[in-house]
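So the sequence shown is numbered by UniProt numbering: it starts at 1 and just counts up by one.
Even glycine gets a Cβ: it sits at the ideal position worked out from N, Cα and C.
Notes for the one structure printed next.
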Amino acid sequence: MPIKGSPKKIEKIRTGFGGGDCGIPMTIGQAYVIFFENEQHHIGSCGASGQIQRYQEKEFVQKLKGLVGEQ
Numbered sequence: 001m002p003i004k005g006s007p008k009k010i011e012k013i014r015t016g017f018g019g020g021d022c023g024i025p026m027t028i029g030q031a032y033v034i035f036f037e038n039e040q041h042h043i044g045s046c047g048a049s050g051q052i053q054r055y056q057e058k059e060f061v062q063k064l065k066g067l068v069g070e071q
């Protein structure tokens with residue numbers, strides 16, 4: 001569910017292992033907020049990406065849309 005712009009099909013997301021490399025451990029079936037840091041689709045917790053609880057997903061997306069001016 002994109003906040004702004006058109007979604008693109010992405011087959012791989014790159015992240016580290018956590019700790020000093022800012023990686024995000026990811027689990028199938030969980031919801032995540034993803035902010036890409038570069039064209040290679042690298043993400044990290046140091047760049048604000050992270051897990052979000054499914055019950056908070058809609059509320060979180062609405063808040064983000066309000067921040068970027070899309071309601």
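Other residues of its chain near residue i: CB distance less than 8 Å, five sequence neighbours each side excluded
{"i": "residue 63", "result": "none"}
{"i": "residue 43", "result": "13, 14, 15, 24, 34, 35, 36, 37 and 49"}
{"i": "residue 60", "result": "33 and 52"}
{"i": "residue 31", "result": "51, 52, 53, 54 and 57"}
{"i": "residue 40", "result": "14"}
Closest residue to residue i among the options (Cα-Cα distance)
{"i": "residue 27", "options": "47, 39 and 53", "result": "53"}
Strand pairing of residue i, partner residues [DSSP]
{"i": "residue 52", "result": "31"}
{"i": "residue 42", "result": "14"}
Own chain residues within Cβ distance below 6 Å of residue i, not counting five before or after
{"i": "residue 45", "result": "22 and 24"}
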